[in-house]
Amino acid sequence: MTGLLITAHLMTPYAPAMAGADIHIDSLLTWAVMQSLPAPVFFPSHSAAVMPCPLKLLWVSDAGHPLWASTTLLPVGEAIMAREYWHKRYPSDRAELSSKRAANTSAGRWKEARVPLGVVTTAQLTGLCIGVESEVHRLLQTVTHVGKKPSTGYGRVAKWDVTPVGGLEIRQVLCGHPVPVDSPIAEQITGKYRPSTGWTPPYWYAPWHCSCITPEADR
Amino acid sequence: MQNRYTAVLEAVEPISHGDTLSGVDNSTNVRLFMRSAVLFNGQAVRIPDLSENALRSVLFRRTLHDKLLRQLEIGQRQLSQAILNLLYSGGSMASGAQAPTNEIELGHRVKDLYPSLDLLGGSVNDFILPRSRLRVTCWPLVREYAPIISLLYPEYVSESEKISIYDLLSEEIRTRGTGDESDGNQMLYQYEVLAAGARFLLELTFDEWTPDATRSAATFALQSWDGFFGGQNRQGRGRMVLRDAQNLPDASVYTDFITGHGDAMKSGLLDGSLGTGKMLCV
Chain Z
197 MTGLLITAHL MTPYAPAMAG ADIHIDSLLT WAVMQSLPAP VFFPSHSAAV MPCPLKLLWV
257 SDAGHPLWAS TTLLPVGEAI MAREYWHKRY PSDRAELSSK RAANTSAGRW KEARVPLGVV
317 TTAQLTGLCI GVESEVHRLL QTVTHVGKKP STGYGRVAKW DVTPVGGLEI RQVLCGHPVP
377 VDSPIAEQIT GKYRPSTGWT PPYWYAPWHC SCITPEADR
Chain C
719 MQNRYTAVLE AVEPISHGDT LSGVDNSTNV RLFMRSAVLF NGQAVRIPDL SENALRSVLF
779 RRTLHDKLLR QLEIGQRQLS QAILNLLYSG GSMASGAQAP TNEIELGHRV KDLYPSLDLL
839 GGSVNDFILP RSRLRVTCWP LVREYAPIIS LLYPEYVSES EKISIYDLLS EEIRTRGTGD
899 ESDGNQMLYQ YEVLAAGARF LLELTFDEWT PDATRSAATF ALQSWDGFFG GQNRQGRGRM
959 VLRDAQNLPD ASVYTDFITG HGDAMKSGLL DGSLGTGKML CV
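First to last, the sequence lines map onto chains Z and C.
Basically my numbering = 1-based index in the first sequence + 196.
Basically my numbering = 1-based index in the second sequence + 718.
Take a look at the structure:
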């Protein structure tokens, strides 16, 4: 395994899951694994089913959840945050097909929605990891979009660059990646304390959240 | 398996397509054309563009479900509001929704029976269907997008570099008369249009596990689309043609699927079960 610099070249703005939310390299890779081979693995003597990942395994929690050696993806250079809107409308012009033609579109179930969507416009996202270069490169080719709303074109990735880099330290390769305070690695780093946050894929899965320290982005 | 397809949308009439950022609170001024953000010369600027959300709705959702209902011989007053909303607007969950424990299984059974819902997704009374298969991206073939287009489609760069999106942008002014009795009280309204001849690169990306019938539904939609996009269609605005579609899946797989599963599809729409045996959408 070698240190790797990951770069995503974006063709459209991307929409983070929530304001300031991160895009994690290990999340993208495990998602890619799941697309091609949806078969979980178990670490010895652990019961949690997790997706394998071609990254260096730094630690396994008592529950069997892995801490992979990877940072979040951060914008390179100019990054402009903006707000777009998408709309959801009741199909009033097709109401003739419905048994009930009246529909209240200002309140209730058929209410029409104007939904704000925070987006970031940037040319590139970059991050670091330690992993198997060829496998990381192969898996990332299947990731065509990052962030929310890929169905409407947000976060379209034109290409991924995977470049070997040497001399990476633990702190560098966990930049922006929450590290459980129970982990011995947490003693080697400083950063922002979060009482409960996701730290292993899938990051959104709240039952696996725990207290973490997040090394700050100082690259 | 090929998961990505491209085509070019070309306007044969000027396009009117209202901006969603400024348009809502801008009722007295010129209705701006839809804009989206792009990095140009190192700065993020909002330039005229087509909304992919609108493209999904107009090219695919509306077209597929108009044709589906026709083919299944479903007519006026036969659908519940929830089904109507699901087909044409992606659906919405009912108040107090509680997903059943087997929501994933039910969702996939719905997607198995309705390729159009597999393609585009939606929500039923109590849960959201598993992720849709189709991702739509669209870029105007203009100078402002040339650096981005060069990343994936260098064959369109020289065409893109020839013209700025602002060379295609102009305004139209219309008059709404109020009758002879109110002489001098005409209402003017004004909106931006992109010129006829404007071209857009349309990219469709499918999920790796997309079934053949679902892929085929996308082709069927493109072939069946009435060719109108955006507003002011009543006076011809937004008429477009699809060109240079390359290697699209065979549309007959989808039409054969409907022929083979028509009875089940129809009864699932009419009773709100969507073929699952449970009343998902009533």
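Every residue, glycine too, gets a C-beta built ideally from N, C-alpha and C.
Every value quoted in this text rests on a predicted model; they were computed, and no experiment measured them.
{"Item": "Contact list for Ser810(C) against chain Z, beta-carbon separation under 9 Å", "Value": "Lys284, Tyr286, Arg305, Trp306, Lys307, Ala309"}
{"Item": "Beta carbon proximity, Ser243(Z) to chain C, threshold 8 Å", "Value": "no"}
{"Item": "Interfacial residues, the stretch 851-884 of chain C to chain Z, with Cβ spacing under 7 Å", "Value": "Leu852, Arg853, Val854, Thr855, Cys856, Ile866, Leu869, Leu870"}
{"Item": "Residue-level contact to chain Z via CB, Gly814(C), 8 Å cutoff", "Value": "no"}
{"Item": "Beta-carbon spacing of Glu890(C), Val911(C) below 8 Å", "Value": "yes"}
{"Item": "Spatial neighbours of His283(Z) in its chain, beta-carbon cut-off 8 Å, leaving aside the 5 residues before and after", "Value": "Glu308, Ala309, Arg310, Val311"}
{"Item": "Arg415(Z) (DSSP reduced to helix, strand or coil)", "Value": "Low confidence applies here, because Arg415(Z) scores a pLDDT of 44, under 50, leaving its location unreliable and the question unanswered by this model."}
{"Item": "Cβ contact (3+ pairs, closer than 8 Å) linking the stretch 925-943 of chain C and the stretch 763-775 of chain C", "Value": "no"}
{"Item": "Supposed close pair Arg853(C), Thr923(C) - CB separation, criterion 8 Å", "Value": "4 Å"}
{"Item": "Alpha-carbon spacing of Gly351(Z) relative to Val315(Z), whole angstroms", "Value": "9 Å"}
{"Item": "Segment limits, alpha helix (DSSP H) that includes Pro865(C)", "Value": "864-870"}
{"Item": "Leu758(C) in three-state terms, based on DSSP", "Value": "Before going on, a small fix: residue 758(C) reads as Phe here, not Leu. Phe758(C) falls in the strand class under three-state DSSP."}
{"Item": "Closest Cα partner of Asp357(Z) within the set Pro411(Z), Cys371(Z), Ser330(Z)", "Value": "Ser330(Z)"}
{"Item": "Proximity to Arg851(C) [Cα-Cα], best of Val246(Z), Pro346(Z), Thr317(Z)", "Value": "Pro346(Z)"}
{"Item": "Three-state class that DSSP yields for Ile792(C) in the structure shown", "Value": "coil"}
{"Item": "Residues that Val315(Z) contacts on chain C, provided the C-beta gap is smaller than 8 Å", "Value": "Ala755"}
{"Item": "Rounded separation between Tyr281(Z) and Leu313(Z) - CA only", "Value": "6 Å"}
{"Item": "Helix, strand or coil at Arg851(C) [DSSP, three-state]", "Value": "coil"}
{"Item": "Minimum Cβ-Cβ distance from Gln209(Z) to chain C less than 8 Å", "Value": "What sits at residue 209(Z) in the sequence shown is Pro, not Gln. True, the Cβ-Cβ gap to chain C drops below 8 Å."}
{"Item": "Reduced DSSP category for Lys785(C) - H, G, I as helix; E, B as strand; rest coil", "Value": "helix"}
{"Item": "Tyr210(Z) versus Gly736(C): straight-line alpha-carbon distance, rounded", "Value": "22 Å"}
{"Item": "Assigned exposure category for Lys355(Z) - 16 Cβ within 10 Å defines buried", "Value": "exposed"}
{"Item": "Interface residues of the stretch 342-369 of chain Z facing chain C [CB-CB below 7 Å]", "Value": "Pro346, Ser347, Thr348, Gly349, Arg352, Ala354, Lys355"}
{"Item": "Backbone CA spacing between Met719(C) and Thr340(Z) [nearest angstrom]", "Value": "15 Å"}
{"Item": "Contacts around Ala931(C), its chain only, beta-carbon distance under 7 Å, and the 5 residues preceding and following it disregarded", "Value": "Pro833, Val971, Tyr972, Phe975"}
{"Item": "Helix, strand or coil at Ser294(Z) [DSSP, three-state]", "Value": "strand"}
{"Item": "The stretch 791-804 of chain C: positions lying closer than 9 Å to chain Z by Cβ", "Value": "Ile792, Gly793, Gln794, Arg795, Gln796, Leu797, Ser798, Gln799, Ala800, Ile801, Leu802, Asn803"}
{"Item": "CB contact flag (Tyr909(C), Ser734(C), <8 Å)", "Value": "yes"}
{"Item": "Ser834(C) - containing beta strand (DSSP E), residue span", "Value": "No beta strand (DSSP E) contains Ser834(C), which is instead part of the alpha helix (DSSP H) from 833-838."}
{"Item": "The beta strand (DSSP E) enclosing Phe751(C), as first and last residue numbers", "Value": "Note, Phe751(C): premise wrong, no beta strand (DSSP E); not H, not E."}
{"Item": "Backbone secondary structure at Phe239(Z) - three-state DSSP", "Value": "coil"}
{"Item": "DSSP three-state assignment for Met277(Z), whether helix, strand or coil", "Value": "strand"}
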